[in-house]
Each structure stands twice: as structure tokens, then as C-alpha cells.
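Engineer: My structure is below; once you've seen it, I'll send some questions.
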Amino acid sequence: MANLDDIDRRLLAELQAEGRVTNVELAQRVG
């Protein structure tokens, strides 16, 4: 399995919390 960096972990956390978030909103949340 590939190593996950901080951004990857934040993306996964956001998607686990709300899987129906749009890509634009996800990008805004993660930075």
C-alpha cells in the first residue's frame, strides 16, 4: 500500500465524515 501524506489523510477523514461532499467543497475544506 502507498504511503499516505497529510493531505491524503485529511481527504479520507472528510470523505468518511461526509461522503456526498462535492469535489469543490472537499478541496476548500482540505486546502
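Add 3 to the 1-based position in the sequence shown for our numbering, that's all there is to it. We treat Cβ as the ideally placed atom computed from N, Cα and C, and that holds for glycine.
1. When the distance is taken between beta carbons, is Ile10 closer than 8 Å to Val27?
2. I think Leu29 touches Leu14, with their Cβ atoms under 8 Å apart; what is that distance to the nearest whole Å?
3. In three-state DSSP terms, what is Arg36?
Structural biologist: Taking the definition as stated:
1. Going by C-beta atoms, Val27 is not nearer than 8 Å to Ile10.
2. A Cβ-Cβ separation of about 7 Å places Leu29 in contact with Leu14 under the 8 Å criterion.
3. The structure shown does not extend to residue 36, since the chain is modelled only from 4 through 34, so no value can be given for it.
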